[in-house]
Amino acid sequence: MVGKAPVGDVDDSGMRVSAPKRYAAGVPAIMSTLKHAGREMGVRRTALTLLKVNQKDGFDCPGCAWPEGDHRSPIGEYCENGAKAVAEEATLRRVTPEFFAAHSVEDLAGRTDFWLGQQGRLTHPMYLAEGASHYAPVGWDEAFGIVAEELAKLGSPDEAAFYTSGRTSNEAAFAYQLFVRAFGTNNLPDCSNMCHESSGSALSETIGVGKGSVSLEDLHKADLILVVGQNPGTNHPRMLSALEKAKRAGAHIVAVNPLPEAGLLRFKNPQKPNGLVGGGTSLTDEFAQIRLNGDLALFRALNRMLLEAEDAAPGTVLDRAFIDEHSHGFEEFADDVRKTDWADVLEATGLPRTQIERIHERVLRSERVVVCWAMGLTQHRNSVPTIREVVNFLLLRGNIGREGAGVCPVRGHSNVQGDRTMGIYEKPSAAFLDALEAEFGFAPPREHGHDVVDAIRAMRDGKVKVFLAVGGNFVGATPDTAATEAALRNTALTVQVSTKLNRSHAVTGRRALILPTLGRTEADVQASGPQFVTVEDSMSAVHASTGRLEPASRELRSEVAIVCGIAEKVLGDRVAVPWAAFRDDYDVIRDRIERVVPGFTDFNRRVRVPGGFVLPHGPRDERRFPTATGKANFTVNALEVLRVPAGRLILQTVRSHDQYNTTIYGLDDRYRGIKAGRRVVFVNPADLAQLGFADGQMVDLVSEWADGERRAPGFRVVAYPTAEGCCAAYFPETNVLVPLDSTAEVSNTPTSKSVVVRLVAAEA
Ligand SMILES: Nc1nc2c(c(=O)[nH]1)N[C@H]1C(S)=C(S)[C@@H](COP(=O)(O)OP(=O)(O)OC[C@H]3O[C@@H](n4cnc5c(=O)[nH]c(N)nc54)[C@H](O)[C@@H]3O)O[C@H]1N2
Ligand SMILES: Nc1nc2c(c(=O)[nH]1)N[C@H]1C(S)=C(S)[C@@H](COP(=O)(O)OP(=O)(O)OC[C@H]3O[C@@H](n4cnc5c(=O)[nH]c(N)nc54)[C@H](O)[C@@H]3O)O[C@H]1N2
Ligand SMILES: [Mo]
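Heads up, the sequence shown is in this note's numbering, so the first residue is -11 and it goes up one at a time.
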């Protein structure tokens, strides 16, 4: 199978490669921000917009889910990439009906996401009729009618799937899942399925809550912070300020990563004068350059050493009181982890034993430990066991539910956590459905629905015939691009509620709709007046977000209005939900959320207090663990070393500095030394020598899986200091290589960070 994702319209003939950077942010970050923002928005709009990001009376930055904190910088609490996300949305370019008249769907399907995103904001609802070559303008009412018509044809509500990306507000998400369940299905796949699902699965089972247990204050007070499988310099730049603060207060930081990411090494805080000059703060005390997928082995080794240290000096290492009172399964776990084989650990991690011992020493010296992680831990076959082992590590010394300690899965999309809280989940709990039933008086479906990977299979097999997405770029973000495209083309109708053009608008069912929507930055005025929406960050803080900019077009509708409009047309008066009242006044939705979702008491009042409020979290607040055993669960997690056949490498697919998932802002990856190109593969020089390839050579990447090979053509080899046996390349270009059936145990997340590949010299 050769990947279908287009390469044609990006000219990377001028690509330049230089040495990776040793620090993140500083002056280059500010320059890059202003250049990008100015190009998209003009100078005045840039100033007005950026000043409102993440301020208490402003809008929530659509960039990421890192919390804002109480002490906001008056010059704007944003980062370079947040600013790019804002500029991307506030751009002055427009994709109008004339644009669609000039570009056929076939033409658009041949463009990259970079090119498509550059065209600007969508302005009108557009309809692709069966057999038509071009989208044509359509009225809102007619568009909703088309959705209703196709849904009415289905043999069962389970023949439709309803995707959500994590920018959707709490209000829109709540209305959306309510509509979908009233329609009669739990087919609610979302971007979480490809993102932190493994964290949610592992944390729910072990501590009873699938969310992080630390606040910003906890990070500031920690003695030791492990940053594992995460590249905050690019993806969560404001986290670097928190790490810098912790560091100044005496914390030590251990980074565990196959790549020496610039942001993990040194940081020059662009929001402080002394961060702009000089060497910046050295953040990492210990950089463990682990092999891909080596983390379960590392944490098992650390856990084994903790048990042995306790044996040597009983009563001094483990938190016995915590283990006895609050945990379950310790003995079984301890028996197993003591058997951890050092030879396996050294092979899996690729780390010197002395370094693991040094990290152990640091753990022993630290009273309060936080472990932070992101996609480097969640997108492997054994991600759930890996994260469970991280929990074991923290439980051993009682590092949960007290100050300065805990689990910190760092979320991606700015409201991905909130969407889940609102019920965007294909496996809703019985308690949630009971609450919906009690409040709205209809019987929601109880059978679990499709997640992302299962939804693709169901479309492929003709079992799902209507696909509707609120946000995101399903074609671009999912694995196995060729398989996903074929699946979507096999449907009767695809509907995309979007701000900007992407490949999901070009790869369609027999009919297709584009429903353009307001972004976070824009004023949302409904019948009762100006509205705000709410979001939840990585640390469970819920707060308001108010857009101020004039909408990109008069035709745009809010996500809430679109969802309610579709619901009215599809459901008529089948259920007693006041869709019109929801649309006219979001307070009405919040009142209903309060009655259905725990933790939202007095929602409308509390969210109007500047800064909002923090949702309750049993383990964090009172060491109450709502698991099956009622305690924090130790677990046994088998260590299987990921071995690849000779001549193969393990590929991880990552983000460059100039992209937001499938939205490509530009073609540079400044910190990794790449300019003006994206089709690169980073390989260790020792591997290159052994495999007989040279820096600068052009290769195809070929992935191997039980069902055959997949190929992504035309990558330039970059000799790079990544861990041996591993390589890295950017997604979405490499999604063609990720087999649909290669997913994580339990969470079913695609294994985007461990794809077995070989390099093949490209034909000249
Ligand atoms: N600017 C910007 N910000 C973003 C995003 C964006 O695209 N652009 N995306 C948002 C989203 S949705 C998300 S989920 C987050 C993603 O944030 P990250 O998880 O930081 O994103 P990735 O680029 O996937 O980087 C994965 C990191 O983990 C490392 N890694 C990979 N495999 C392993 C492993 O096996 N073990 C260890 N220890 N490390 C490993 C990689 O080298 C890399 O540093 O960022 C969010 N914020
Ligand atoms: N190979 C590989 N694949 C991956 C990953 C990886 O690391 N490697 N990471 C995975 C992860 S962590 C994630 S979260 C997914 C992301 O998957 P998605 O969330 O589906 O993808 P995005 O690229 O974030 O979606 C971008 C689109 O969202 C739309 N949009 C932007 N803002 C708004 C808004 O306010 N409202 C609406 N309605 N639409 C809006 C725009 O049209 C834009 O084109 O990708 C996953 N895919
Ligand atoms: Mo994500």
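From the three backbone atoms N, C-alpha and C, an ideal C-beta is built for every residue, glycine too. Note that the structure is predicted; figures quoted are calculated from it, not measured.
As the crow flies, the alpha-carbon of E628 is around 16 Å from that of Q367.
V351 is positioned such that its CB atom lies closer than 8 Å to that of L290. For V521, the CB contacts under 6 Å within the same chain, skipping 5 residues up- and downstream, are S157, E159, S533 in chain order. For Y574, the secondary structure class from DSSP, reduced to helix, strand or coil, is helix. Distance from the CA atom of A78 to the CA atom of G108, rounded to whole angstroms, is 9 Å.
In this structure the segment 656 to 669 does not touch the segment 594 to 612; the number of beta carbon pairs closer than 8 Å is below three. N723 has its Cβ no nearer than 7 Å to any heavy atom of ligand 1.
Contact fails between the segment 386 to 394 and the segment 424 to 432, because fewer than three Cβ pairs, one in each stretch, are under 8 Å apart. As DSSP reads the structure, Q647 sits in a beta bridge with I652. T731 and P738 do touch by the CB rule: their CB atoms are close to 6 Å apart, below 8 Å.
Closest in alpha carbon position to G221, among N69, V168, M363, is N69. Annotated three-state conformation of R408 is helix, per DSSP. Look at which beta carbons fall closer than 5 Å to any heavy atom of ligand 3; those residues are C183, G400.
By the CB criterion at 8 Å, G507 and T487 fall inside the cutoff. A direct Cα-to-Cα measurement between I278 and A322 gives close to 24 Å. Around the C-beta of T304, fewer than 16 other C-beta atoms lie within 10 Å, and the residue is accordingly described as exposed. Around the Cβ of K235, a 10 Å sphere holds 16 or more other Cβ atoms; the residue is buried. The beta carbon of V706 lies closer than 6 Å to those of V5, V668, F670 in the same chain, with the five residues before and after it left out. With a cutoff of 7 Å, N736 does not count as near ligand 2, since its C-beta is closer than that to no heavy atom of the ligand. In terms of side-chain proximity, the C-beta atom of V168 is found no nearer than 7 Å to any non-hydrogen atom of ligand 2.
Sequence-distant Cβ neighbours of D573 in its own chain, meaning closer than 6 Å and more than five residues away, are S516. When secondary structure is reduced to three states using DSSP, D657 falls in the strand class.
In the displayed model, I213 falls within a strand according to three-state DSSP.
Between L655 and L689, the CB-CB gap reaches or exceeds 8 Å. In this structure, DSSP gives V548 a helical state, which the three-state scheme calls helix. Per the coordinates, the alpha-carbon of V585 lies some 49 Å from the alpha-carbon of D(-1). In the displayed model, L207 falls within a helix according to three-state DSSP. With contacts defined by Cβ atoms closer than 8 Å, D146 and T173 form a contacting pair.
Of the residues assessed, V597 falls on the exposed side of the cut-off, its CB having fewer than 16 other CB atoms within 10 angstroms. Secondary structure of Q484 (DSSP, three-state): strand. Going by DSSP, V135 is part of no beta strand (DSSP E) but of the alpha helix (DSSP H) stretching over 128 to 140. In the structure shown, M3 falls within a coil segment according to DSSP collapsed to helix, strand and coil.
R698 is bridged by DSSP to S691. Within the segment 336 to 388, the alpha helix (DSSP H) runs of at least 4 residues that lie entirely inside it are, in chain order, 341 to 353, 363 to 366, 371 to 384.
Ranked by Cα distance from G127, the options H605, V744, N621, R545 are led by R545.
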